[in-house]
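The end of the sequence shown is residue 206 by numbering that gives the first Met the number 0, with every number in the run present. Just so you know, even glycine gets a beta-carbon here, dropped at the ideal spot from N, CA and C. This report concerns only the one structure given below.
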Amino acid sequence: MRLVSMVGAASLAMVGLAPAALAAPDAIDGTATAATAKVNKAGTISDSGPQAKCVVDETSTAHSNGAAVSGVYRLGASDTSCTRAQNRDVTVTADETRFQLDAVPDHLVRIAKLHGECKSTPQNVSFSSSFEGIQGLDLPPKIDPGYTAEIKGKNGATAAKFVFSEITKNNNGELNINQLHVTTYAAGGASADSDIVLGNIGCSTTF
0 MRLVSMVGAA SLAMVGLAPA ALAAPDAIDG TATAATAKVN KAGTISDSGP QAKCVVDETS
60 TAHSNGAAVS GVYRLGASDT SCTRAQNRDV TVTADETRFQ LDAVPDHLVR IAKLHGECKS
120 TPQNVSFSSS FEGIQGLDLP PKIDPGYTAE IKGKNGATAA KFVFSEITKN NNGELNINQL
180 HVTTYAAGGA SADSDIVLGN IGCSTTF
């Protein structure tokens with residue numbers, strides 16, 4: 000089983016090089032959503048909604064039994080945790096299991112476990128990500144945040160794109176991390192157009 004991990008730390012002012020096209024979480028001290036998925040399969044729209052969403056000071060833990068769209072993707076059980084310590088420091092985690100993308104013919108992608116974590120204090124925000132049991136993707140030994148892998152369809156166009164640890168910063172200074180952002184393209188030969196985010200975590204300096 001292959002294990003890939005990455006760790007990063009930065010003041011909020013230093014983060015801002017990642018794509019900015021994604022919607023960031025609410026401007027609060029910490030939140031996590033295990034997964035969201037929007038799929039357009041031959042004109043039929045499926046929207047999973049936020050799976051296992053937690054919010055600091057509101058919902059400390061959340062669980063999802065999984066989600067799936069036949070012939071596109073599957074996701075097993077997922078859990079999130081949003082906690083604040085007595086010193087006000089915040090820790091937010093998201094854990095997903097048994098992700099499978101089968102939208103691209105003859106190219107199955109599986110990831111056994113995903114873990115993302117963000118820790119925030121009044122001075123700093125740090126994050127870490129890990130991926131276990133990756134199959135079907137040709138990845139380098141070290142994956143930096145924002146690394147992108149693609150699968151080409153038989154027509155040479157992109158059928159699926161995978162962005163690891165995708166980072167954005169919203170106008171409120173909150174750090175937004177998509178542990179894995181998967182997009183599929185019917186024009187490239189995939190069974191559907193889809194936008195799947197695993198492990199969306201938002202955290203900021205706490206006051």
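Which same chain residues, not among the five before or five after THR147, have their C-beta less than 6 Å away from its C-beta? VAL162
Using the Cβ count rule (16 or more neighbours within 10 Å means buried), how would you classify ASN86? exposed
In the structure shown, what three-state DSSP assignment does ALA189 receive? coil
Pick helix, strand or coil for ALA34, following the three-state DSSP scheme. strand
Would you check if the region 181-200 and the region 35-52 touch, i.e. whether three or more CB-CB distances between them fall below 8 Å? yes
ASN199 classed as buried or exposed, judged by whether at least 16 other C-beta atoms fall within 10 angstroms: buried
Smallest Cα separation from PHE130: which of ALA186, ARG109 and ILE150? ARG109
Does the beta-carbon distance from THR182 to ASN175 come in below 8 Å? no
Only counting the same chain, and skipping five residues up and downstream in sequence, which positions put a Cβ closer than 6 Å to that of GLN134? ARG109
Could you check if SER47 is buried or exposed, using at least 16 other CB atoms within 10 Å of its CB as the buried criterion? buried
Take THR157 as the anchor and find which of ALA185, LEU136 and ASP137 has the nearest alpha-carbon. ALA185
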